[in-house]
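Colleague: Below is one structure. I have some questions about it.
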Amino acid sequence: MTDSAELSAAAGADPVAADRAAAPFSSVAVIGLGLIGASLAAALADKMPDVRVFGVDTDAATCATAADRGWCAVACGPDDPAFRAFVEDECELVVIATPVAAVDDYLGRLRDWGYAGVVTDTISTKGHILAAAEALLPAPARYVPGHPMAGSEQNGIAGARTDLFEGANWILCPDERTAPEDFQHLHEFVRGLEARVVSLHREEHDAAVAIVSHVPHMVASSLMQLASAHADDTGSIMRLAAGGFKDTTRIAAGSPKLWCGIAFDNAEALGEGLAEMAAILESFAAALAAGDRDTFTRLLAEAAEARRALPAAWVPSTEKLLEVRIPMVNRTGVVAEVCTIASSVGCNIQSIDIDHISEGNAVLSLILTDEGDVGQLSLQLINAGFSVSFSPIMPKEYAHVD
1 MTDSAELSAA
11 AGADPVAADR
21 AAAPFSSVAV
31 IGLGLIGASL
41 AAALADKMPD
51 VRVFGVDTDA
61 ATCATAADRG
71 WCAVACGPDD
81 PAFRAFVEDE
91 CELVVIATPV
101 AAVDDYLGRL
111 RDWGYAGVVT
121 DTISTKGHIL
131 AAAEALLPAP
141 ARYVPGHPMA
151 GSEQNGIAGA
161 RTDLFEGANW
171 ILCPDERTAP
181 EDFQHLHEFV
191 RGLEARVVSL
201 HREEHDAAVA
211 IVSHVPHMVA
221 SSLMQLASAH
231 ADDTGSIMRL
241 AAGGFKDTTR
251 IAAGSPKLWC
261 GIAFDNAEAL
271 GEGLAEMAAI
281 LESFAAALAA
291 GDRDTFTRLL
301 AEAAEARRAL
311 PAAWVPSTEK
321 LLEVRIPMVN
331 RTGVVAEVCT
341 IASSVGCNIQ
351 SIDIDHISEG
361 NAVLSLILTD
371 EGDVGQLSLQ
381 LINAGFSVSF
391 SPIMPKEYAH
401 VD
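Going left to right, the sequence shown walks through residues 1 to 402 as the UniProt record's numbering numbers them.
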């Protein structure tokens, strides 16, 4: 199935109508209605209104809010019989959006109720849930770790927004056991929320997010500790901090309890990242103490160059598309391997299609925008032993696709 919403949009069709027609799951359980879970329910209600969303949370007031706002068809506590009935009778996807401490309980319920459908999560660390899913789920191969790289300094359902994931990176971590169709449907699900899918090896997830998410939060908190320690009764420093400093430290306003949990769940990777951060700060301090302007300037220049290289925003190409076709004959784990390679060279997968030619014989078709290094993609795929063909296409060629 081609991602008709994107391709039709490029050709002038209504992307909203296309998204609504292409929802890959008809019924979804969102477990945990905090900031991320409630925002997911809200986004589904907005972008995929035909999907039946069942919300679960231990807080009755939160459940009432989610239902009253129309984000969930039903929202209830985990012990409500309606939750079990939904899982057993109609659920096609379970999204776990709870703290790590609650994972075992919910996975145990899915086991006891014989749920063998697709499971993903939004948890920012994977060490524990990977082991728990393997031990508890009836069909552990259908668990695909996920992590939307989105958030807010506001906590709980009060901070939930329908647009929280728009333009955000959403990590998915398939492996060699992930069924191509399961990943295809999850990819469509995330793209339908207007997020960008980034594939990572699941074993690399915690180390990667420690550097780009967890360490920065601790640095922002440290900066606020520094400013607070130097604030006087007049509040002059805090008035000066209302500019760029305020933007830099925005994330420090997040829930201390939540972030303490994240830190200790990812203690090893976070500890290593903080040690590296301390060494970098020490490099600046040493150069300053030694009067070494050349080293100090080099450190600043390296950081400035790296910062300028960051994309301003994710804006997929609507001018040119590229189809990549890869035979999947007698090779397991193709989708996970190919998507991870594509993400590693910055290529954005616009849509995934699996063309089943015969039993045990299929072709993986990826539609890419013109982002990333296609030359490196080709080289790495060939070096990995894949047979690959590339074919430039124009969006208008897909204007007829429903």
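Built from N, CA and C at the ideal position, the CB exists for glycine as well.
I believe Gly-70 touches Cys-63 by the beta-carbon criterion, under 8 Å. Please report the beta-carbon distance rounded to the nearest angstrom.
Modeller: Position 70 of the sequence shown, counting from 1, holds the residue named residue 70. Position 63 of the sequence shown, counting from 1, holds the residue named residue 63. Not really, about 13 Å apart at Cβ, beyond 8 Å.
Colleague: With the cut-off set at 8 Å, would you say Ile-341 and Leu-381 are in Cβ contact?
Modeller: Looking up residue 341 in the sequence shown gives position 341. Looking up residue 381 in the sequence shown gives position 381. Going by C-beta atoms, Ile-341 is nearer than 8 Å to Leu-381.
Colleague: For Gln-154, which three-state DSSP category applies?
Modeller: Position 154 of the sequence shown holds residue 154. Here Gln-154 sits in coil by DSSP.
Colleague: Would you please state the rounded distance, in angstroms, between the beta carbons of Leu-322 and Leu-274? I believe it to be under 8 Å.
Modeller: Residue mapping note: residue 322 aligns to position 322 of the sequence shown, counting from 1. Residue mapping note: residue 274 aligns to position 274 of the sequence shown, counting from 1. Between the beta-carbon of Leu-322 and that of Leu-274 there is about 40 Å, and that puts the pair past the 8 Å contact cut.
Colleague: Considering only their Cβ atoms, is the gap separating Ala-168 from Ala-195 smaller than 8 Å?
Modeller: Within the sequence shown, numbered from 1, the residue matching residue 195 stands at position 195. Within the sequence shown, numbered from 1, the residue matching residue 168 stands at position 168. In contact: Ala-195 and Ala-168 (Cβ atoms closer than 8 Å).
Colleague: Assign Ala-66 to one of two classes, buried (16 or more other C-beta atoms within 10 Å of its C-beta) or exposed (fewer than that).
Modeller: Working through the sequence shown from its first residue, we reach residue 66 at position 66. Counting other Cβ atoms within 10 Å of its Cβ, Ala-66 reaches 16 or more and is therefore classed as buried.
Colleague: Whose CA, out of Pro-81, Ala-102 and Val-95, lies closest to the CA of Asp-89?
Modeller: Reading the sequence shown from its first residue, position 89 is the one you call residue 89. The shortest C-alpha separation from Asp-89 is found at Pro-81.
Colleague: Would you report the Cα separation of Ala-362 and Ala-139, rounded to the nearest angstrom?
Modeller: Position 362 of the sequence shown, counted from the first residue, corresponds to residue 362. Position 139 of the sequence shown, counted from the first residue, corresponds to residue 139. The straight-line gap from Cα to Cα measures roughly 24 Å.
Colleague: Hey, Ala-269 and Ala-220: beta-carbon distance below 8 Å or not?
Modeller: Locating residue 269 in the sequence shown gives position 269, where the first residue counts as 1. Locating residue 220 in the sequence shown gives position 220, where the first residue counts as 1. Not in contact: Ala-269 and Ala-220 (Cβ atoms no closer than 8 Å).
Colleague: Under 8 Å, do residue 406 and His-214 count as touching if we go by C-beta distance?
Modeller: Given that the chain is displayed from residue 1 to residue 402, the structure contains no residue 406 and the question cannot be resolved.
Colleague: According to the neighbour-count rule (16 or more other Cβ atoms, all chains shown, within 10 Å of its Cβ), is Leu-226 buried or exposed?
Modeller: For the purposes of this step, residue 226 is taken as the residue at position 226 of the sequence shown. Under this definition Leu-226 is an exposed residue.
Colleague: Quick check on DSSP: helix, strand or coil for Phe-390?
Modeller: For the purposes of this step, residue 390 is identified with residue 390 of the sequence shown, where counting begins at 1. In the structure shown, Phe-390 sits in a strand (DSSP, three-state: E or B).
Colleague: What does DSSP give as the partner residues of Arg-325 in its beta bridges?
Modeller: Stepping through the sequence shown from its first residue, residue 325 is reached at position 325. The partner list for Arg-325 (beta bridge, DSSP) reads Ser-365 and Ser-389.
Colleague: Candidates Ser-365, Pro-24, Ile-354 and Ser-344: which alpha carbon is nearest Gly-375's?
Modeller: Taking the sequence shown and counting its residues from 1, the one referred to as residue 375 is at position 375. Taking only the C-alpha atoms, the option nearest Gly-375 is Ser-344.
Colleague: Is the Cβ-Cβ distance between Leu-130 and Arg-202 less than 8 Å?
Modeller: Residue numbering aside, residue 130 sits at position 130 when the sequence shown is read from its first letter. Residue numbering aside, residue 202 sits at position 202 when the sequence shown is read from its first letter. Cβ distance < 8 Å, so Leu-130 and Arg-202 count as in contact.
Colleague: Please state whether the Cβ-Cβ distance between Ile-354 and Cys-339 is less than 8 Å.
Modeller: In the sequence shown, residue 354 corresponds to position 354, counting from 1. In the sequence shown, residue 339 corresponds to position 339, counting from 1. No, these two residues do not count as a Cβ contact at 8 Å.
Colleague: Would Val-87 be called buried (16 or more neighbouring beta carbons within 10 Å of its own) or exposed?
Modeller: Within the sequence shown, numbered from 1, the residue matching residue 87 stands at position 87. The residue is buried, with at least 16 neighbouring Cβ atoms inside 10 Å.
Colleague: Going by beta-carbon coordinates alone, are Gly-34 and Ile-96 separated by less than 8 Å?
Modeller: Indexing the sequence shown from 1 puts residue 34 at position 34. Indexing the sequence shown from 1 puts residue 96 at position 96. With a cutoff of 8 Å on beta-carbon distance, Gly-34 and Ile-96 are scored as not near each other.
Colleague: Would you mind reading off the limits of the beta strand (DSSP E) that contains Trp-170?
Modeller: Reading the sequence shown from its first residue, position 170 is the one you call residue 170. Boundaries of the beta strand (DSSP E) around Trp-170: 169-172.
Colleague: According to the neighbour-count rule (16 or more other Cβ atoms, all chains shown, within 10 Å of its Cβ), is Leu-193 buried or exposed?
Modeller: Taking the first residue of the sequence shown as position 1, residue 193 is located at position 193. Buried: at least 16 other Cβ atoms inside 10 Å.
Colleague: Using the C-alpha atoms, what's the distance from Cys-173 back to Ala-85?
Modeller: Taking the first residue of the sequence shown as position 1, residue 85 is located at position 85. Taking the first residue of the sequence shown as position 1, residue 173 is located at position 173. For Ala-85 and Cys-173, the gap between their C-alpha atoms comes out near 29 Å.
Colleague: Exposed or buried, what is Arg-250 when buried is set at 16 or more other beta-carbons lying within 10 Å of its beta-carbon?
Modeller: The count along the sequence shown starts at 1 and reaches residue 250 at position 250. The residue in question, Arg-250, is exposed, as its Cβ has fewer than 16 Cβ neighbours within 10 Å.
Colleague: Give a yes or no on whether the C-beta atoms belonging to Phe-189 and Pro-24 are separated by under 8 Å.
Modeller: For the purposes of this step, residue 189 is taken as residue 189 along the sequence shown, with counting starting at 1. For the purposes of this step, residue 24 is taken as residue 24 along the sequence shown, with counting starting at 1. Yes, the Cβ-Cβ distance between Phe-189 and Pro-24 is below 8 Å.
Colleague: Report the three-state DSSP secondary structure of Ala-116 (helix, strand or coil).
Modeller: The count along the sequence shown starts at 1 and reaches residue 116 at position 116. The answer is coil: DSSP assigns Ala-116 none of H, G, I, E or B.
Colleague: With distance defined between alpha-carbon atoms, name the residue in Leu-110, Cys-347, Val-103 and Asp-292 nearest to Asp-121.
Modeller: Counted from its first residue, the sequence shown places residue 121 at position 121. Comparing Cα positions, the closest option is Val-103.
Colleague: Which residues share a DSSP beta bridge with Ala-29?
Modeller: By one-based count along the sequence shown, residue 29 stands at place 29. Per DSSP, Phe-54 and Val-94.
Colleague: Note down the Cα distance separating residue 415 from Pro-99, rounded to an integer number of angstroms.
Modeller: The question about residue 415 has no answer, for the chain in this structure spans 1 to 402.
Colleague: Thinking C-alpha only, which one of Leu-364, Ala-179, Met-277 and Ala-116 is nearest residue 410?
Modeller: Coverage of the chain is limited to positions 1 through 402, which leaves residue 410 absent and any answer about it impossible.
Colleague: For Asp-121, which residues does DSSP report across the bridge?
Modeller: Position 121 of the sequence shown holds residue 121. DSSP lists Ile-96 as partners of Asp-121.
Colleague: Evaluate Glu-337 with the Cβ neighbour count: other Cβ atoms within 10 Å of its Cβ, from every protein chain shown; 16 or more gives buried, anything less gives exposed.
Modeller: Sequence index remark: in the sequence shown, residue 337 carries index 337 (1-based). So Glu-337 ends up on the buried side.
Colleague: When we look at the beta-carbon of Ile-171 and count the other beta-carbons within 10 Å, is it buried (16 or more) or exposed?
Modeller: As a working note, residue 171 is residue 171 in the sequence shown. Buried, since its Cβ has 16 or more Cβ neighbours within 10 Å.
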